[in-house]
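Engineer: First to last, the protein sequences are chains A, B, C and D.
Residue 156 in my numbering sits at position 151 of the first sequence, and the numbers go up by one each step.
Residue 123 in my numbering sits at position 118 of the second sequence, and the numbers go up by one each step.
Residue 34 in my numbering sits at position 29 of the third sequence, and the numbers go up by one each step.
Residue 86 in my numbering sits at position 81 of the fourth sequence, and the numbers go up by one each step.
Here a beta-carbon is modelled for each residue, glycine too, at the ideal position from N, C-alpha and C.
Number of protein chains: 4
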Amino acid sequence: MARQRPVSPRKEPSQRRSRELVDLIVKATTRVLLKHGYEGCTTNRVAEVAGVSIGSVYQYFPNKDALVVRVMERHQEKLLGVMTEHLASLKDASLEEAVKTLVHAMLDAHRIEPKLHRVLREQVPRIGALKALHEQHSAYEPLVTAWLDAHREALPVADPAVATWVLIAAVDGVLGRVLVDRPGWLEQQQLARELERLIVAYLRGART
Amino acid sequence: MARQRPVSPRKEPSQRRSRELVDLIVKATTRVLLKHGYEGCTTNRVAEVAGVSIGSVYQYFPNKDALVVRVMERHQEKLLGVMTEHLASLKDASLEEAVKTLVHAMLDAHRIEPKLHRVLREQVPRIGALKALHEQHSAYEPLVTAWLDAHREALPVADPAVATWVLIAAVDGVLGRVLVDRPGWLEQQQLARELERLIVAYLRGART
Amino acid sequence: MARQRPVSPRKEPSQRRSRELVDLIVKATTRVLLKHGYEGCTTNRVAEVAGVSIGSVYQYFPNKDALVVRVMERHQEKLLGVMTEHLASLKDASLEEAVKTLVHAMLDAHRIEPKLHRVLREQVPRIGALKALHEQHSAYEPLVTAWLDAHREALPVADPAVATWVLIAAVDGVLGRVLVDRPGWLEQQQLARELERLIVAYLRGART
Amino acid sequence: MARQRPVSPRKEPSQRRSRELVDLIVKATTRVLLKHGYEGCTTNRVAEVAGVSIGSVYQYFPNKDALVVRVMERHQEKLLGVMTEHLASLKDASLEEAVKTLVHAMLDAHRIEPKLHRVLREQVPRIGALKALHEQHSAYEPLVTAWLDAHREALPVADPAVATWVLIAAVDGVLGRVLVDRPGWLEQQQLARELERLIVAYLRGART
DNA sequence: GATGAATGAGTTTTCATTCAT
DNA sequence: CATGAATGAAAACTCATTCAT
Numbered sequence: 006m007a008r009q010r011p012v013s014p015r016k017e018p019s020q021r022r023s024r025e026l027v028d029l030i031v032k033a034t035t036r037v038l039l040k041h042g043y044e045g046c047t048t049n050r051v052a053e054v055a056g057v058s059i060g061s062v063y064q065y066f067p068n069k070d071a072l073v074v075r076v077m078e079r080h081q082e083k084l085l086g087v088m089t090e091h092l093a094s095l096k097d098a099s100l101e102e103a104v105k106t107l108v109h110a111m112l113d114a115h116r117i118e119p120k121l122h123r124v125l126r127e128q129v130p131r132i133g134a135l136k137a138l139h140e141q142h143s144a145y146e147p148l149v150t151a152w153l154d155a156h157r158e159a160l161p162v163a164d165p166a167v168a169t170w171v172l173i174a175a176v177d178g179v180l181g182r183v184l185v186d187r188p189g190w191l192e193q194q195q196l197a198r199e200l201e202r203l204i205v206a207y208l209r210g211a212r213t
Numbered sequence: 006m007a008r009q010r011p012v013s014p015r016k017e018p019s020q021r022r023s024r025e026l027v028d029l030i031v032k033a034t035t036r037v038l039l040k041h042g043y044e045g046c047t048t049n050r051v052a053e054v055a056g057v058s059i060g061s062v063y064q065y066f067p068n069k070d071a072l073v074v075r076v077m078e079r080h081q082e083k084l085l086g087v088m089t090e091h092l093a094s095l096k097d098a099s100l101e102e103a104v105k106t107l108v109h110a111m112l113d114a115h116r117i118e119p120k121l122h123r124v125l126r127e128q129v130p131r132i133g134a135l136k137a138l139h140e141q142h143s144a145y146e147p148l149v150t151a152w153l154d155a156h157r158e159a160l161p162v163a164d165p166a167v168a169t170w171v172l173i174a175a176v177d178g179v180l181g182r183v184l185v186d187r188p189g190w191l192e193q194q195q196l197a198r199e200l201e202r203l204i205v206a207y208l209r210g211a212r213t
Numbered sequence: 006m007a008r009q010r011p012v013s014p015r016k017e018p019s020q021r022r023s024r025e026l027v028d029l030i031v032k033a034t035t036r037v038l039l040k041h042g043y044e045g046c047t048t049n050r051v052a053e054v055a056g057v058s059i060g061s062v063y064q065y066f067p068n069k070d071a072l073v074v075r076v077m078e079r080h081q082e083k084l085l086g087v088m089t090e091h092l093a094s095l096k097d098a099s100l101e102e103a104v105k106t107l108v109h110a111m112l113d114a115h116r117i118e119p120k121l122h123r124v125l126r127e128q129v130p131r132i133g134a135l136k137a138l139h140e141q142h143s144a145y146e147p148l149v150t151a152w153l154d155a156h157r158e159a160l161p162v163a164d165p166a167v168a169t170w171v172l173i174a175a176v177d178g179v180l181g182r183v184l185v186d187r188p189g190w191l192e193q194q195q196l197a198r199e200l201e202r203l204i205v206a207y208l209r210g211a212r213t
Numbered sequence: 006m007a008r009q010r011p012v013s014p015r016k017e018p019s020q021r022r023s024r025e026l027v028d029l030i031v032k033a034t035t036r037v038l039l040k041h042g043y044e045g046c047t048t049n050r051v052a053e054v055a056g057v058s059i060g061s062v063y064q065y066f067p068n069k070d071a072l073v074v075r076v077m078e079r080h081q082e083k084l085l086g087v088m089t090e091h092l093a094s095l096k097d098a099s100l101e102e103a104v105k106t107l108v109h110a111m112l113d114a115h116r117i118e119p120k121l122h123r124v125l126r127e128q129v130p131r132i133g134a135l136k137a138l139h140e141q142h143s144a145y146e147p148l149v150t151a152w153l154d155a156h157r158e159a160l161p162v163a164d165p166a167v168a169t170w171v172l173i174a175a176v177d178g179v180l181g182r183v184l185v186d187r188p189g190w191l192e193q194q195q196l197a198r199e200l201e202r203l204i205v206a207y208l209r210g211a212r213t
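Structure follows, in structure tokens:
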């Protein structure tokens, strides 16, 4: 299935000037990605939009995909920031609070740059970065797992890690779909409510 | 975002020979898609694999994407077949039975051609106006909604359509993820159990 | 040292039309090679000079070097033609006649397209085809060796094959140099005479 | 044939430090040439290998080819050293001694850095106006010519300069070929013997 | 209808060279 | 002097699509 070239930055931008350049390029990539999608995101176009020579692009990025990957990483860093910030208060929360927090966090994360988020979700799989995309959750999953573990007694959860995995996959699945098919819902109270219900019910559980 | 071309078959293959030709081409596209991914799925390659002239391909398909779309449609027809078959018995089922049926149906659907399924999910960019196509669920959602509607009294479900949507999005989200990150789980009992728990709990609900 | 890509034709030109196309391309390559050297022999330039689309070039040649190699092969076919024609009469020749024939043959071969010959000699090594270039002699070496073997008694030649090799390498070395540094000599009587002397002396030999 | 740029050092390295820098760069060029061939010998790579800024390279060399030329010059200086050293004793030598000396000298010269020698011969295109450089022999040819001239009486040599030229071209042709096609022979006694026979015979000559 | 030769715009990428710091 | 970031012309090559046969 081909694809799998080095994607790591070619050269660390050391001086200030370069760092700004890299920043410019990544931002341009984002814009182009938003406007033209992955196919239309050509290196020349990126360079042009960035107002930078094509050579400069290749000075810092070994190839086209490296650009996209970098955009993805930046976005994920932001997501992660939002998530961890929200989840910091999870520790001593009650079930209801915890769930509200989690849902709120995930919704907020999806509100950061919804269009970009959607483009990345749709296009990034093609460059084999789907796993990387999924692993964006791995950073805060432990927080959730820890909470579950702490409340194990009160909840019929056999394996906290698995429960976390299923939960996040489910919620993320729903949100991903919302982003693509029902972008308006992101701001709807009802969506949050349903997700909360989904989670609470699953955790309180009713063995089948 | 560019992309927006006709995608429907150029001409209905009326004679038998033509129909066989189309079939040949679609099968070839599938094979190429599996082996080389979307990027590597070039029209010339497809023609070659099909043992057919490139001109003939363009006789029946207006452009490259039409090929891929046809492959998706075929796959979805199969999915739909499996789903509706399973869901036919839904009508008078109890909650537990209904849920078991649904989960079983979705799992079975994902077992049809998992590799192709994954390639289509991962590799195929959202092609043009084809969002609808990606809503592979829309075809059987009504069946689930109908069942929910019929059992409305017994279940704290405000809006059956929304509940169906959320449910399917959640389960499909989990399964999509399983396909990519935990392919082995597809055959694991535990996965089915967790999904059933998720659904039952959500439907029996526990208002937050 | 990189370099070593497939160089064999991509597709056999089957129809008349195609054969003419390939011919056109090879001729254009020759012209470009003569005018701009190997570096300046770009595929686009070749296509342009041939009055053909760049795509057509790549239809029949997998890459740039394949073009050059084909030019080389054509040239060698001509050389070989001239050589074997001359050497046909070698069989029963006396030493003096045989040597005259050989020298005459090699000189004639170098007169075919001296400029092209020179360019190929200078540039072709770079694409790793130097051995191929040398092997151009292997086609008629046996003829010379056979003659030597037949006259073994009369000549102090220990190993006819080695003697042939040395002889041809020497003469070819001289001619190659003439081509580059003293192109005018090619028409000079004296050059032929010196080469004949070189050979005759070597074969008649005088053990050191 | 394009190509025609200044190739002489941009500025004489006056201070010690500069001389060391130039040395570093030339050595790096040699290494890169050996490892990657002429095509792969990029200025940036050279700078990197030399552990020197690309700017510094251009401080002392006006362009890429100047680098390669310098490498060639260095190599030829060494060759020349070996040759003249050997040929110093030529003066009063007998024919047999003289020939032995010459052959020995040329063989030794080819043993200096055979790989570099081969790369330079094979890979380096005739750079611009540098034919002269390729006439690596011109430096010691006079020595041989002088000897021939001194022994004119005893030898049937019409024009010593021409004889020298032919002789050296022939021997060098054989050696060049050996380098590429039969590298092992370089150490074989037989090669030396054959070359000696070739030369002695040619000089003692037998008018045809 | 079927064929497949021909097209050429459009991509990615390299690398010699410059010049502000 | 030294640096190395920045440049951008130019090269190789692809592939969807057309159209004469």
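(1) Run down chain A in chain order and give the residues with a C-beta less than 8 Å from the C-beta of residue 207 of chain B.
(2) Can you tell me where the alpha helix (DSSP H) holding residue 117 of chain D begins and where it ends?
(3) Give the straight-line distance between the Cα atoms of residue 53 of chain A and residue 35 of chain A, rounded to the nearest whole angstrom.
(4) Thinking C-alpha only, which one of B:39, B:201, B:93 is nearest residue 119 of chain B?
(5) Within 10 Å of its beta-carbon, does residue 110 of chain B have 16 or more other beta-carbons around it, so buried, or fewer, so exposed?
(6) From the beta carbon of residue 130 of chain A, is the nearest beta carbon of chain B less than 7 Å away?
(7) Just how far apart, CA to CA, sit residue 134 of chain D and residue 175 of chain D?
(8) Between which two residues does the alpha helix (DSSP H) containing residue 154 of chain C stretch?
(9) Give a yes or no on whether 7 Å exceeds the smallest Cβ distance from residue 189 of chain A to chain B.
(10) Are the stretch 187-207 of chain D and the stretch 141-157 of chain C touching by the rule of at least three beta carbon pairs closer than 8 Å?
(11) Chain B partners of residue 177 of chain A, CB-CB under 7 Å?
(12) May I have the straight-line CA-CA distance separating residue 59 of chain C from residue 169 of chain A, to the nearest angstrom?
(13) At the level of alpha carbons, what is the spacing between residue 90 of chain C and residue 32 of chain B?
(14) Among D:95, D:202, D:26, whose alpha-carbon lies nearest the alpha-carbon of residue 148 of chain D?
(15) Please find out if some non-hydrogen atom of the ligand GDP comes closer than 6 Å to the beta-carbon of residue 79 of chain B.
(16) Please state whether DSSP places residue 134 of chain D in a helix, a strand or coil.
(17) Looking at residue 199 of chain A: is its Cβ nearer than 7 Å to the Cβ of residue 171 of chain B?
(18) Which residues in the same chain as residue 201 of chain D place their Cβ atom closer than 7 Å to its Cβ, once the five residues preceding and following it in sequence are excluded?
(19) For residue 209 of chain C, which residues from the same chain have a beta carbon less than 8 Å from its beta carbon, with the 5 sequence-adjacent residues on both sides left out?
(20) Distance cutoff 7 Å, beta carbons only. Does residue 134 of chain D sit that close to anything in chain C?
(21) What are the boundary residues of the alpha helix (DSSP H) that residue 49 of chain B is part of?
(22) Whose CA, out of A:43, A:29, A:180, lies closest to the CA of residue 62 of chain A?
(23) Please state whether DSSP places residue 161 of chain C in a helix, a strand or coil.
(24) Closer than 8 Å by beta-carbon distance: list the chain B residues that pair up with residue 50 of chain A, in chain order.
(25) My assumption, with CB atoms under 8 Å, is that residue 73 of chain D sits in contact with residue 124 of chain D. Please give the rounded CB distance.
(26) Check whether the Cβ atoms of residue 112 of chain B and residue 207 of chain A sit closer than 7 Å, and answer yes or no.
(27) Could you tell me how far apart the beta carbons of residue 191 of chain B and residue 145 of chain B are, in whole angstroms, since I believe they sit closer than 8 Å?
(28) Using a Cβ-Cβ distance under 7 Å, would residue 144 of chain D count as near chain C?
(29) What residues in its chain sit with their C-beta under 6 Å from that of residue 75 of chain A, if we drop five residues either side in the sequence?
(30) Counting only beta-carbon atoms, is residue 171 of chain A nearer than 7 Å to chain B?
(31) Assign residue 129 of chain D to one of three DSSP states: helix, strand, or coil.
(32) Taking 7 Å as the limit between beta carbons, can you name the residues of its chain near residue 88 of chain D, skipping five residues before and five after?
(33) Please check the pair residue 117 of chain B and residue 142 of chain B, which I expect to be a contact at CB under 8 Å, by giving their CB distance rounded to whole angstroms.
(34) Under three-state DSSP, which class holds residue 96 of chain A?
(35) Count the other CB atoms, across all protein chains shown, that sit within 10 Å of the CB of residue 71 of chain B; report buried if there are 16 or more and exposed otherwise.
Structural biologist: This is what the structure holds:
(1) Taking the second sequence and counting its residues from 1, one reaches residue 207 of chain B at position 202. Here the neighbours are 202, 203, 206, 207.
(2) One-based indexing of the fourth sequence puts residue 117 of chain D at position 112. Counting along the chain, residue 117 of chain D falls outside any alpha helix (DSSP H), and DSSP gives it neither H nor E.
(3) The count along the first sequence starts at 1 and reaches residue 53 of chain A at position 48. The count along the first sequence starts at 1 and reaches residue 35 of chain A at position 30. The C-alpha of residue 35 of chain A is placed about 13 Å away from the C-alpha of residue 53 of chain A.
(4) Here residue 119 of chain B refers to the residue found at position 114 when the second sequence is read from its first residue. Selection B:39, B:201, B:93 evaluated against residue 119 of chain B yields B:39 as nearest (Cα-Cα).
(5) The count along the second sequence starts at 1 and reaches residue 110 of chain B at position 105. With at least 16 other beta carbons inside 10 angstroms of its own, residue 110 of chain B counts as buried.
(6) The residue you call residue 130 of chain A lines up with position 125 of the first sequence. Yes, its Cβ sits closer than 7 Å to a Cβ of chain B.
(7) Numbered from its first residue, the fourth sequence carries residue 134 of chain D at position 129. Numbered from its first residue, the fourth sequence carries residue 175 of chain D at position 170. With a pLDDT of 47 at residue 134 of chain D, under the threshold of 50, the modelled position of this residue cannot be trusted, and the question is left open.
(8) For the purposes of this step, residue 154 of chain C is taken as the residue at position 149 of the third sequence. It spans 146-155 - the alpha helix (DSSP H) in which residue 154 of chain C sits, taken as one unbroken run.
(9) Taking the first sequence and counting its residues from 1, one reaches residue 189 of chain A at position 184. For residue 189 of chain A, no CB of chain B lies under 7 Å from its own CB, so it is not counted at the interface with that chain.
(10) Output reads no: the stretch 141-157 of chain C does not touch the stretch 187-207 of chain D.
(11) Translated into the one-based positions of the first sequence, residue 177 of chain A becomes position 172. Those are 178, listed as they occur along chain B.
(12) Here residue 59 of chain C refers to the residue found at position 54 when the third sequence is read from its first residue. Here residue 169 of chain A refers to the residue found at position 164 when the first sequence is read from its first residue. Distance from the CA of residue 59 of chain C to the CA of residue 169 of chain A, rounded to the nearest whole angstrom, comes to 56 Å.
(13) Taking the third sequence and counting its residues from 1, one reaches residue 90 of chain C at position 85. Taking the second sequence and counting its residues from 1, one reaches residue 32 of chain B at position 27. Spanning the two alpha carbons is a distance of roughly 56 Å.
(14) Numbered from 1 along the fourth sequence, position 143 holds the residue referred to as residue 148 of chain D. Of all alpha-carbon atoms in D:95, D:202, D:26, the one lying nearest the alpha-carbon of residue 148 of chain D is that of D:95.
(15) Among the components modelled here there is no ligand, and therefore nothing to report on the ligand GDP.
(16) As a first step, residue 134 of chain D must be located in the fourth sequence, where it is residue number 129. Interpretation of residue 134 of chain D is limited by its pLDDT of 47, a score under 50 that renders its predicted location unreliable; no figure is taken from the coordinates.
(17) Position 194 of the first sequence, counted from the first residue, corresponds to residue 199 of chain A. Position 166 of the second sequence, counted from the first residue, corresponds to residue 171 of chain B. In contact: residue 199 of chain A and residue 171 of chain B (Cβ atoms closer than 7 Å).
(18) If you number the fourth sequence from 1, residue 201 of chain D lands on position 196. The residues are 104, 105, 108.
(19) Within the third sequence, the letter at position 204 stands for residue 209 of chain C. So the qualifying residues of the chain are 100, 160, 161.
(20) In the fourth sequence, the residue the question calls residue 134 of chain D occupies position 129. Model confidence at residue 134 of chain D stands at a pLDDT of 47, short of 50, so the residue's coordinates are unreliable; what they give is reported in the following sentence. Taking 7 Å as the threshold, the shortest C-beta distance from residue 134 of chain D to chain C does not fall below it.
(21) The count along the second sequence starts at 1 and reaches residue 49 of chain B at position 44. Per DSSP, the unbroken alpha helix (DSSP H) holding residue 49 of chain B starts and ends at 48-55.
(22) Taking the first sequence and counting its residues from 1, one reaches residue 62 of chain A at position 57. Taking residue 62 of chain A as reference, the option from A:43, A:29, A:180 with the minimal CA-CA separation is A:29.
(23) The count along the third sequence starts at 1 and reaches residue 161 of chain C at position 156. Here DSSP, grouped into helix, strand and coil, assigns residue 161 of chain C to coil.
(24) Position 45 of the first sequence, counting from 1, holds the residue named residue 50 of chain A. Neighbours of residue 50 of chain A in chain B, taken as residues at a C-beta separation under 8 Å, are lacking, since the least C-beta distance is about 11 Å.
(25) If you number the fourth sequence from 1, residue 73 of chain D lands on position 68. If you number the fourth sequence from 1, residue 124 of chain D lands on position 119. Cβ-Cβ separation between residue 73 of chain D and residue 124 of chain D: approximately 10 Å, too far for a contact (criterion under 8 Å).
(26) As a position in the second sequence, residue 112 of chain B is number 107, starting the count at 1. As a position in the first sequence, residue 207 of chain A is number 202, starting the count at 1. Judged by beta-carbon spacing, residue 207 of chain A lies beyond the 7 Å limit of residue 112 of chain B, meaning their Cβ atoms are not closer than that value.
(27) Indexing the second sequence from 1 puts residue 191 of chain B at position 186. Indexing the second sequence from 1 puts residue 145 of chain B at position 140. Not a contact, Cβ separation roughly 20 Å.
(28) The count along the fourth sequence starts at 1 and reaches residue 144 of chain D at position 139. Output row for residue 144 of chain D: interface = no.
(29) Here residue 75 of chain A corresponds to residue number 70 of the first sequence, with the count starting at 1. So the list reads 31, once near-sequence residues are dropped.
(30) As a working mapping, residue 171 of chain A is identified with position 166 in the first sequence. For residue 171 of chain A, the nearest beta carbon of chain B is closer than 7 Å to its own beta carbon.
(31) Start at 1 with the first residue of the fourth sequence, and residue 129 of chain D comes out as number 124. Looking at residue 129 of chain D - three-state DSSP - the assignment turns out to be coil, as it is neither helix nor strand.
(32) For this step, residue 88 of chain D is matched to residue 83 along the fourth sequence. By the criterion of a C-beta distance shorter than 7 Å, residue 88 of chain D is surrounded in its chain by 110, 114, 145, once the five residues flanking it on both sides are discounted.
(33) Here the question's residue 117 of chain B lines up with position 112 in the second sequence. Here the question's residue 142 of chain B lines up with position 137 in the second sequence. About 15 Å separates the two Cβ atoms, so there is no contact after all.
(34) Within the first sequence, the letter at position 91 stands for residue 96 of chain A. Residue 96 of chain A: coil per DSSP, three-state reduction.
(35) In the second sequence, residue 71 of chain B corresponds to position 66, counting from 1. Buried is the call here.
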